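Add 1 to the 1-based position in the sequence shown for our numbering, that's all there is to it.
The beta-carbon is built from N, C-alpha and C at its ideal position, and this holds for glycine as well.
Nothing here was measured: the structure is a model prediction, and the numbers come from that model.
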Amino acid sequence: MTALTRRPMRADLTVIGGAIVMFGFIGLVVTFADVDLSHWLGGSGWTMLIVVPGLVLLAAGLLTNGSRSLGLTIAGCVVTTIGSMLLAMDQLGRYEAWAYAWALIPAAVGLGLLLHGLRSDDRPFVTMGMRLAAIALGTFAVAGWFFETLFQTGEPPVHIGDGWPLLVIAIGATVMLLGLFRWTEDAAAPRAD
Numbered sequence: 002m003t004a005l006t007r008r009p010m011r012a013d014l015t016v017i018g019g020a021i022v023m024f025g026f027i028g029l030v031v032t033f034a035d036v037d038l039s040h041w042l043g044g045s046g047w048t049m050l051i052v053v054p055g056l057v058l059l060a061a062g063l064l065t066n067g068s069r070s071l072g073l074t075i076a077g078c079v080v081t082t083i084g085s086m087l088l089a090m091d092q093l094g095r096y097e098a099w100a101y102a103w104a105l106i107p108a109a110v111g112l113g114l115l116l117h118g119l120r121s122d123d124r125p126f127v128t129m130g131m132r133l134a135a136i137a138l139g140t141f142a143v144a145g146w147f148f149e150t151l152f153q154t155g156e157p158p159v160h161i162g163d164g165w166p167l168l169v170i171a172i173g174a175t176v177m178l179l180g181l182f183r184w185t186e187d188a189a190a191p192r193a194d
């Protein structure tokens with residue numbers, strides 16, 4: 002291993018170690034101050050065991066240079082999002098929301114890509130992150146509308162009866178056609194050499 006590859010690894014470990022020490026220091030202060038986080042969060046303190054490591058990963062990703070920063074940033078966004086979702090579900094007593102809240106996980110990946118792209122000034126990551134986050138948030142909104150209506154009324158918001166396979170086929174055909182037309186547009190575009 003050369004000195005060139007060792008130095009970024011040491012810097013990465015220093016940042017991650019510093020974040021862990023900071024987390025421990027906060028825990029020490031909370032312990033000596035006799036603060037009961039689970040009581041403060043209404044019994045949801047256990048979710049901080051997910052949120053805080055997610056924030057540590059996110060901070061490490063944003064403070065780290067090199068190839069590891071992308072993975073740390075995405076992991077931090079995903080873990081923090083899952084912890085935040087569990088905190089909200091526990092506070093509201095609505096764990097059935099997981100039926101559609103899962104769509105926030107790909108949105109978190111998109112956010113991680115976006116943050117990494119903005120930090121490293123890499124436009125393709127920004128674009129990819131924005132697209133993924135937009136698709137996932139759209140899925141979250143539509144699935145939320147569908148499932149919340151189902152949970153509250155016991156009936157789906159749209160009654161399609163036995164025609165659901167036709168609807169699925171129509172959606173699939175539309176997606177296929179969009180892919181084909183996009184491919185032909187890309188193939189017909191003049192190349193800049």
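- Contact holds between the stretch 104-113 and the stretch 70-77, because three or more Cβ pairs, one in each stretch, are under 8 Å apart.
- Of all alpha-carbon atoms in 45, 102 and 96, the one lying nearest the alpha-carbon of residue 139 is that of 102.
- Within the same chain, and ignoring the five residues on either side of residue 168 in sequence, the residues whose Cβ sits closer than 7 Å to its Cβ are 161.
- By the neighbour-count definition (other C-beta atoms within 10 Å, threshold 16), residue 62 is a buried residue.
- Under the three-state reduction of DSSP, residue 125 is assigned to helix.
- In this structure, residue 137 places its C-beta atom within 7 Å of the C-beta atom of residue 108.
- In terms of Cα proximity to residue 148, the closest of 179, 90 and 98 is 98.
- By the CB criterion at 7 Å, residue 28 and residue 55 fall outside the cutoff.
- Sixteen is the threshold: since fewer than 16 other Cβ atoms of the shown chains lie within 10 Å of the Cβ of residue 177, the residue is exposed.
- Between residue 24 and residue 57, the gap from beta carbon to beta carbon is short of 7 Å.
- Secondary structure note for residue 159: it is in no alpha helix (DSSP H), with a DSSP letter that is neither H nor E.
- Within the same chain, and ignoring the five residues on either side of residue 87 in sequence, the residues whose Cβ sits closer than 6 Å to its Cβ are 48.
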